[in-house]
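Everything in the sequence shown is counted per the numbering used here, starting at 2 for the first residue and increasing by one.
In this text, a Cβ means the ideal position worked out from N, Cα and C, and glycines have one as well.
Take a look at the structure below.
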Amino acid sequence: MEGLTVTICGGGNGAHAFAGISSLVENTHVTVLDIFEDEAERWNATLVKNGFRIKYRNGEVREQRPGETKFSVTRDVGVISRSDMVFLVVPAYAHETYLKLITPHLKETAIVIGMPGHAGFEYQCGSILRENGKSNTIVALETLPWACRYTKYGEEVDIVGTKEEVYCSMVNPEGSTTKKDSLMTLLQTLIGPKPVVKLCENYVKLTLMAKSTIHPPIMYARWKDWDGGSLESPPLFYQGVDETAAKYLDGVNNEVIATAERLSQKFPQHDFSGIPTMQDWFIHHYGDQIADKSTLVSCLKTNSGYEGLNHPMSKTKDGKYVPDFGYRYIVEDIPYGLVVLKQIADMVGVDTPVINEIVEWAQEKIGVIFIQDGRLGDVEREHARMPKAYGIDNIDILVSFFKSS
Ligand code: NAI
2 MEGLTVTICG GGNGAHAFAG ISSLVENTHV TVLDIFEDEA ERWNATLVKN GFRIKYRNGE
62 VREQRPGETK FSVTRDVGVI SRSDMVFLVV PAYAHETYLK LITPHLKETA IVIGMPGHAG
122 FEYQCGSILR ENGKSNTIVA LETLPWACRY TKYGEEVDIV GTKEEVYCSM VNPEGSTTKK
182 DSLMTLLQTL IGPKPVVKLC ENYVKLTLMA KSTIHPPIMY ARWKDWDGGS LESPPLFYQG
242 VDETAAKYLD GVNNEVIATA ERLSQKFPQH DFSGIPTMQD WFIHHYGDQI ADKSTLVSCL
302 KTNSGYEGLN HPMSKTKDGK YVPDFGYRYI VEDIPYGLVV LKQIADMVGV DTPVINEIVE
362 WAQEKIGVIF IQDGRLGDVE REHARMPKAY GIDNIDILVS FFKSS
């Protein structure tokens, strides 16, 4: 591969994993751009002193020794003007901040990648590019390639699980033709052999596939009847699911599938088919990491890629635990997930009683009213990424937002 300059925006778990993995690819120059609090300074200092390690659950360790590390961390946005590919590896509520920061500095040929994008990434990014007179190609991944957590900030990341496959969208605001095949090859090279990156037929389908449909149903099932009492230890998140969680997971996903079916009827020239059931999604994405594939519940309970991942909890003064509703499983996945899906479902006349039930519970925790009396209201861009906040008032505008998709 010829010299490729990559910038990774962000400083959380995913940024740690991707910086470690992509910087080991030959002829690739990776810089992390991190403007959050003092992360850039902390990460750089640790990197210089202690190097960087990726730890896999099978015991494999990929190490970059101190003095031989292959990437650096900066808070200087100037790095963008030299970048061929700019990855946003942050929760969706930080996308706008990074997009506004980087867009004026983007080279004409640079590719902007939401990793993952979450619902609405493409039109948010497209709108900000257009406002700046730019027309860069946009890519959005349906989910992060790995389940990962940093174990020592700036120094060590644990890859808990690697997905088998991940879908992405690829669009261009003005329809110019990026060579899709070569871009897919580049993406695959940077991520490594797994997961296999696959191109989705169109961006609206990828929006429906974006995986903000997993955390809220599990949170709701576990905590909807919570009495406020503290727990001795944090419960397992994925591996702790029961039939109630499965009912809500399937319920949300079935409403998304119904939306895709309605879109197929209205736009037969586009392909919205094949959105998998929840159970099939886990089987396709985790493969043999799942010991018992017989039911949705068993797919989650016996998935080694989810080992040890707990519900987000806060510690009380007496050392016990209460749920943390300020975690991204709520504050990201509702405004950048379920309410976006709900507005698209509304546009094609699909009822979403299960999504409504979960959003009506979660919105109290977020402090923003999305749904009142069963109806979705208008919400400002700063609170959610619904199509109407971007001037996308109906389904025809949504489907034709990009000239190429
Ligand atoms: P994270 O929670 O570790 O990200 C936190 C980081 O985001 C912060 O350290 C900071 O660098 C940045 N950030 C947060 N608020 C910011 C703000 N207001 N302004 C600027 N920067 C800000 O998230 P993580 O785990 O890295 O996930 C990244 C994305 O991948 C999320 O969308 C997440 O839902 C998704 N994902 C993560 C998985 C995982 O195992 N970590 C698995 C599947 C998806």
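Exercise for review: Give a single yes or no on whether N14 has its beta carbon closer than 6 angstroms to a heavy atom of ligand 1.
Suggested key: N14 Cβ: within cutoff of ligand 1.
Practice item. Label Q270 either buried or exposed according to how many other C-beta atoms from any shown protein chain fall within 10 Å of its C-beta, with 16 as the threshold for buried. Key: Label assigned to Q270: exposed.
Review point. With 16 other CB atoms within 10 Å as the buried threshold, where does R83 fall?
Key: Burial is judged here by how many other beta carbons sit within 10 angstroms of a residue's own beta carbon; R83 has fewer than 16 and is exposed.
Review point. What's the gap between the Cα of A222 and the Cα of P67?
Key: One alpha carbon belongs to A222, the other to P67, and they sit about 45 angstroms apart.
Check your understanding: Considering P354, what are the terminal residues of the alpha helix (DSSP H) in which it resides?
Key -> Start and end: P354 to I367.
Practice item. Grab me the residues of D325's own chain with a C-beta within less than 6 angstroms of its C-beta, minus the 5 sequence neighbours each way, in chain order. Key: Here D325 has P313, M314 and S315 as same chain residues with Cβ atoms under 6 angstroms from its own Cβ, once five neighbours each way along the sequence are excluded.
Review point. Is there at least one non-hydrogen atom of ligand 1 closer than 6 angstroms to the beta-carbon of F371?
Key: Answer for F371: no, Cβ out of range of ligand 1.
Practice item. Run the CB neighbour count on H227, radius 10 Å, all protein chains shown included, and call it buried at 16 or more, exposed below. Key: According to the sequence shown, residue 227 is Trp rather than His. By the neighbour-count rule (16 or more Cβ atoms within 10 Å), W227 is not buried but exposed.
Point to revise | Short Cβ contact (7 angstroms threshold) for C169 with V140 | key: Closer than 7 angstroms, so yes.
**Study point:** Pairwise C-alpha distance: M171 and D352
**Key:** Going from the Cα of D352 to the Cα of M171 covers about 29 angstroms.
Exercise for review: Under the assumption that V161 contacts A148 (Cβ atoms under 8 angstroms), give the Cβ distance between them as a whole number of angstroms.
Suggested key: About 4 angstroms separates the two Cβ atoms, so the contact holds.
Review point. Nearest CA to the CA of R376: which residue from G368, I9, V360 and G4?
Key: Nearest in C-alpha terms to R376, of all of G368, I9, V360 and G4, is V360.
Review point. In whole angstroms, what is the alpha-carbon distance linking S305 and I291?
Key: S305 and I291 have their alpha carbons spaced roughly 6 angstroms apart.
Check your understanding: Mind checking whether the beta-carbon of T317 lies closer than 6 angstroms to any heavy atom of ligand 1?
Key -> No.
**Study point:** Local conformation of I391 per DSSP, three classes
**Key:** Reading off the sequence, residue 391 comes out as Tyr, not Ile. Here Y391 sits in helix by DSSP.
Check your understanding: DSSP three-state call for H384: helix, strand or coil?
Key -> Correct three-state label for H384: coil.
Check your understanding: Just to check, is the beta-carbon of C10 closer than 6 angstroms to a non-hydrogen atom of ligand 1?
Key -> Every heavy atom of ligand 1 is 6 angstroms or more from the Cβ of C10, so no.
Review point. Can at least three beta-carbon pairs, one atom from the region 129–144 and one from the region 248–265, be found at a separation below 8 angstroms?
Key: No: the two stretches stay apart, fewer than three of their Cβ pairs being nearer than 8 angstroms.
Point to revise | V341, enclosing alpha helix (DSSP H) - first and last residue | key: That run of the alpha helix (DSSP H) goes V340 to M348.
Check your understanding: Can you tell which of I112, V198, E64 and D374 has its C-alpha closest to the C-alpha of L142?
Key -> For L142, the nearest C-alpha among the options comes from V198.
Practice item. Evaluate S183 with the Cβ neighbour count: other Cβ atoms within 10 Å of its Cβ, from every protein chain shown; 16 or more gives buried, anything less gives exposed. Key: S183 should be labelled exposed.
Check your understanding: Straight-line CA distance for Q266 to S274?
Key -> Rounded to whole angstroms, Q266 and S274 show a C-alpha spacing of 11 angstroms.
Exercise for review: Note down, one range per segment and in chain order, each beta strand (DSSP E) of at least 3 residues found wholly within the region 66–154.
Suggested key: Within the region 66–154, the complete beta strand (DSSP E) segments of 3 residues or longer fall at 72–75, 86–89, 112–115, 138–142 and 147–153, listed in chain order.
Check your understanding: Leaving out five residues before and five after E381 in sequence, what residues of the same chain have Cβ atoms less than 8 angstroms from its Cβ?
Key -> Setting aside the 5 residues that flank it on each side, E381 is surrounded in the same chain by A390, each with a C-beta closer than 8 angstroms to its C-beta; the list follows chain order.
Point to revise | Spatially closest choice to C300 from G288, G309, T29 and L310, by CA coordinates | key: For C300, the closest alpha carbon among the candidates G288, G309, T29 and L310 is that of G288.
**Study point:** C-alpha distance - S73 paired with T32, whole-angstrom precision
**Key:** The alpha-carbon of S73 is positioned some 5 angstroms away from that of T32.
Check your understanding: With respect to 6 angstroms, is the separation between the Cβ of L339 and the closest non-hydrogen atom of ligand 1 below this value?
Key -> No, Cβ of L339 sits at least 6 angstroms from all heavy atoms of ligand 1.
Review point. Near T163, which residues of its chain fall below 7 angstroms by C-beta distance, leaving aside the five closest residues on each side in sequence?
Key: P146, W147, K195 and P196.
Point to revise | Top-ranked residue by Cα proximity to F122, from E202, H96 and D159 | key: The candidate whose alpha carbon is nearest that of F122 is H96.
Practice item. Grab the span of the beta strand (DSSP E) containing H30 for me, first residue to last. Key: Where H30 is concerned, the enclosing beta strand (DSSP E) stretches over T29 to L34.
Practice item. Mind checking which residues open and close the alpha helix (DSSP H) that includes E333? Key: For E333, no alpha helix (DSSP H) run applies, since DSSP gives it neither H nor E.
Review point. Residues bridged to C201 by DSSP?
Key: Partner(s): none; C201 has no beta bridge.
Check your understanding: Does the beta carbon of A259 fall short of 6 angstroms from some heavy atom of ligand 1?
Key -> Result no, Cβ not under 6 angstroms from ligand 1.
Check your understanding: Does the region 55–66 touch the region 85–103, meaning 3 or more C-beta pairs lie closer than 8 angstroms?
Key -> Contact fails between the region 85–103 and the region 55–66, because fewer than three Cβ pairs, one in each stretch, are under 8 angstroms apart.
Check your understanding: By DSSP, does H214 sit in helix, in strand, or in coil?
Key -> First, the amino acid is wrong: residue 214 is Thr here, not His. DSSP places T214 in coil when its eight states are reduced to three.
**Study point:** 7 angstroms Cβ shell around T303 - same chain, five flanking residues per side excluded
**Key:** Short of 7 angstroms from the beta carbon of T303, and not among the five residues preceding or following it, lie these beta carbons of its own chain, in chain order: I291, A292 and D293.
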